[in-house]
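*Asks:*
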Amino acid sequence: MFDEKTHPDHPTSPIYSENYIQSDFLDAPISPKNPSNHTKKSLSLTPEYTHSPNISHDVKYTHMDNSLTVNMQLSYKIDLFRRGITQIQTLISQNVLQMCGNSVVLLICHAITNIQVVIANVTDIPCKDATLCVLLQQILERMNDCLLLSTEMLYTYQFSNVPLAWRRLYAYASAFKAMAEMSMHQTEAKIIETLDMALIMTGGVDIKHFLMELVNIQNPKALSNQEILPTFHPEKNIEQVTIHFPIRSMQSPSVHTFQNDILAVQQPLIIKNSINHWPALSQEGWIKIDTLLNKTHQGLRIVPVEIGRNYTDQAWGQQLMPFYEFLKKYILQTKKTSNTHGTEKEEIGYLAQHDIFSQIPALREDIMVPDYCFTTPPPIPSHLQAFIEEMPLLHEPLLNAWFGGKGTVSPLHTDPYHNIFSQIVGWKYVRLYAPEENEALYPRSFEGGINMSNTSQIDLDNLDTKKFPKFSNAKYVEGIIGPGDCLYIPVGWWHYVRSLSVSFSVSFWWN
């Protein structure tokens with residue numbers, strides 16, 4: 001099912017990203033990484049799990065209260081099912097699936113009829129009635145057919161051209177499949193997988209809140225003693241780096257001071273101790289494995305993980321896996337792989353540039369948008385105006401998570417937005433070059449039909465000065481950011497980022 005070359009930012013990727021911005025003057029969403037709707041390079045997306053987007057920040061999702069009686073829990077689930085079914089029925093009556101064909105619409109309508117029969121007659125969940133179980137099995141089979149068809153269509157089109165009807169079909173089929181799974185003897189892991197796939201692949205389209213509610217009434221059991229993961233201590237294994245040209249820094253400047261500074265200086269700035277009040281930075285915050293597991297349904301939530309040194313490598317790829325597996329393989333103990341010479345090397349996994357906060361609001365509750373994101377940014381450099389001004393105005397900052405082990409790298413690249421890069425766990429080394437150094441940084445061009453001009457040809461970890469002679473004269477600033485630090489990266493500045501330890505960061509793009 002996932003053997004195509006895909007990526008959330010790749011034009012043929014089926015993965016939905018809230019970081020595609022709908023422009024006022026374009027019908028297709030644009031990737032903030034690259035306004036031409038191209039980015040990086042394609043990759044193989046394969047599921048790693050073994051068992052078989054943008055959520056409004058003011059909506060609270062709560063888990064099913066285990067203290068409720070069985071009858072109360074059954075009543076709550078049935079009421080939730082009915083509300084979701086009514087919503088989907090209303091949408092279908094508006095012909096939102098018409099493009100998918102009458103036979104597909106008929107399958108969805110049959111699923112609605114069958115699930116309505118089930119919830120009208122079910123007396124317990126999991127269902128034990130043989131007749132109702134037959135109906136539930138039919139729903140599963142037919143919705144799997146719809147998912148196969150919609151997945152094929154998601155891969156057929158370029159991302160920006162995928163008709164909304166096919167994303168809706170994937171989301172609706174996932175909802176009915178999950179309701180059937182919840183009514184049978186399926187595990188919480190399987191149900192969460194079904195729902196997360198819909199959120200990751202489609203953003204949930206017009207039923208995302210219903211999908212989120214279905215996720216949040218799952219109550220997976222606490223991990224057994226054999227499954228409990230050790231905590232991590234990033235401070236015990238920090239790569240040492242010597243800083244020659246330090247980035248400017250300030251101690252928690254006021255918004256007014258920050259505003260005046262970025263207008264006057266227009267250079268990167270490390271902001272110290274301005275986010276220490278975030279719950280994510282508390283002693284019970286993201287530094288604790290238990291906290292992360294509790295907020296991800298005991299690690300069952302599915303996340304996209306980049307596999308490989310960085311996105312410019314040929315062997316780079318992406319896998320979907322439970323958060324628990326990501327922690328176990330790539331954060332707490334690095335997975336080993338064999339190269340062509342038969343020697344072992346560490347395999348790097350990076351949960352990078354994913355809006356996990358839309359998918360998992362429990363994590364979003366632990367952070368806040370820095371007030372600095374609501375200041376007026378400095379004027380765009382003249383040579384970047386055509387590039388930057390094509391990007392739509394953001395009504396609120398774009399959030400992305402960056403979580404990985406020691407050694408994860410973001411190669412030298414630019415972003416079309418200003419960035420407040422906030423460090424939660426661990427330490428990172430950052431090097432930045434001004435837009436004026438563009439020529440000395442040898443931007444890539446089109447590679448395999450993909451516009452890579454926002455990425456440098458230069459690999460700072462394997463520097464080739466003979467191939468890139470101008471680079472040695474390029475001026476830069478550098479620094480190390482740790483827990484509680486923010487880094488202001490002006491739009492258009494080239495930046496290279498490397499984790500010096502286990503690291504969890506959040507970027508806030510704004511313009």
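Position one of the sequence shown corresponds to residue 1 (UniProt numbering), numbered consecutively onward. Positions of the beta carbon are idealized from the N, C-alpha and C atoms, including for glycine. Bear in mind that the values here come from a model prediction, so they are computed numbers and not experimental data.
Apply the 10 Å Cβ neighbour rule to Gly-84 and answer buried if 16 or more other Cβ atoms are within range, or exposed otherwise.
*Replies:* buried
*Asks:* Relative to the alpha-carbon of Ser-252, which residue among Tyr-372, Ile-458, Ser-503 has its alpha-carbon at the smallest distance?
*Replies:* Closest in C-alpha terms to Ser-252, from the list Tyr-372, Ile-458, Ser-503, comes Tyr-372.
*Asks:* Would Ile-88 pass as an interface residue toward chain C - the criterion being a Cβ-Cβ separation below 8 Å?
*Replies:* No chain C appears in this structure, which consists of one protein chain only.
*Asks:* Report the residue ranges of all beta strand (DSSP E) runs contained in full by the region 212–277; include only those spanning at least 3 residues, in chain order.
*Replies:* 249–251, 269–272
*Asks:* Could you check the C-alpha separation between Trp-494 and Cys-486 for me, to the nearest Å?
*Replies:* Take the alpha-carbon of Trp-494 and the one of Cys-486: they are about 17 Å apart.
*Asks:* In chain order, what residues of the same chain lie with their CB nearer than 6 Å to the CB of Gln-94, ignoring the 5 residues before and after it?
*Replies:* none
*Asks:* Quick one: what's got a C-beta closer than 6 Å to Phe-504's C-beta in the same chain, skipping five residues either side?
*Replies:* Trp-286, Phe-403, Ile-424, Val-425
*Asks:* Since Phe-81 is in the alpha helix (DSSP H), which residue starts that stretch and which ends it?
*Replies:* 70–93
*Asks:* Drop a sphere of 10 angstroms on the beta-carbon of Met-153, count the other beta-carbons inside from all chains shown, and report buried for 16 or more, exposed for fewer.
*Replies:* buried
*Asks:* Can you tell which of Ser-499, Val-134, Tyr-324 has its C-alpha closest to the C-alpha of Asn-237?
*Replies:* Ser-499
*Asks:* In chain order, what residues of the same chain lie with their CB nearer than 7 Å to the CB of Met-368, ignoring the 5 residues before and after it?
*Replies:* Trp-278
*Asks:* What separation, rounded to the nearest whole angstrom, lies between the Cα atoms of Ala-28 and Gly-203?
*Replies:* Because Ala-28 sits at a pLDDT of 30, beneath the cut-off of 50, its placement in the model cannot be relied upon, and the following sentence gives the value as read from the coordinates. Cα to Cα, the separation comes out at about 15 Å.
*Asks:* List the whole-angstrom C-beta distance separating Asn-144 from Glu-188, where the pair is believed to meet the contact cut-off of C-beta under 8 Å.
*Replies:* No, Asn-144 and Glu-188 are not in contact; Cβ-Cβ is about 19 Å, not under 8 Å.
*Asks:* Taking its Cβ as the centre, do 16 or more other Cβ atoms sit within 10 Å of Ile-243, making it buried, or is it exposed?
*Replies:* exposed
*Asks:* If I follow the unbroken alpha helix (DSSP H) through residue 557, where does it start and stop?
*Replies:* The question about residue 557 has no answer here: the residues shown for the chain are numbered 1 through 511.
*Asks:* Is the beta carbon of Ile-275 sitting closer than 8 Å to the one on Met-250?
*Replies:* no
*Asks:* Within 10 angstroms of its Cβ, does Cys-109 collect 16 or more other Cβ (buried), or is it exposed?
*Replies:* exposed
*Asks:* Would you tell me roughly how many angstroms separate the C-alpha atoms of Glu-365 and Lys-428, rounded to the nearest one?
*Replies:* Rounded to whole angstroms, Glu-365 and Lys-428 show a C-alpha spacing of 24 Å.
*Asks:* Tell me which residues share the same chain as Ala-165 and place their Cβ nearer than 6 Å to its Cβ, disregarding the 5 neighbours each side in the sequence.
*Replies:* If we look at Ala-165 and ignore the five residues flanking it on each side, its Cβ neighbours are Leu-97, Met-99, Cys-100.
*Asks:* If you reduce the DSSP assignment to three classes, tell me which class Pro-279 lands in.
*Replies:* helix
*Asks:* With contact counted as at least three CB pairs below 8 Å, one residue from each stretch, are the region 104–123 and the region 72–89 in contact?
*Replies:* Output reads yes: the region 72–89 touches the region 104–123.
*Asks:* Does the region 471–480 come within contact of the region 378–388, defined as at least 3 CB pairs closer than 8 Å?
*Replies:* no
*Asks:* Using a 10 Å radius around the Cβ and a threshold of 16 neighbouring Cβ atoms, would you call Asp-79 buried or exposed?
*Replies:* exposed
*Asks:* Do Ser-456 and Pro-443 count as a contact pair if the criterion is CB distance below 8 Å?
*Replies:* Between Pro-443 and Ser-456, the CB-CB gap stays under 8 Å.
*Asks:* Run the CB neighbour count on Lys-208, radius 10 Å, all protein chains shown included, and call it buried at 16 or more, exposed below.
*Replies:* buried
*Asks:* Would Asn-454 and His-413 be called neighbours here (beta carbons separated by less than 8 Å)?
*Replies:* Taking 8 Å as the Cβ cut-off, Asn-454 and His-413 qualify as a contacting pair.
*Asks:* Take the Cβ of His-297 as the centre, count every other Cβ of all protein chains shown within 10 Å, and call the residue buried at 16 or more, exposed below.
*Replies:* buried
*Asks:* Closer than 7 Å by C-beta to Leu-393: which residues in its own chain qualify, once you throw out the five before and the five after it? Chain order, please.
*Replies:* Asn-511
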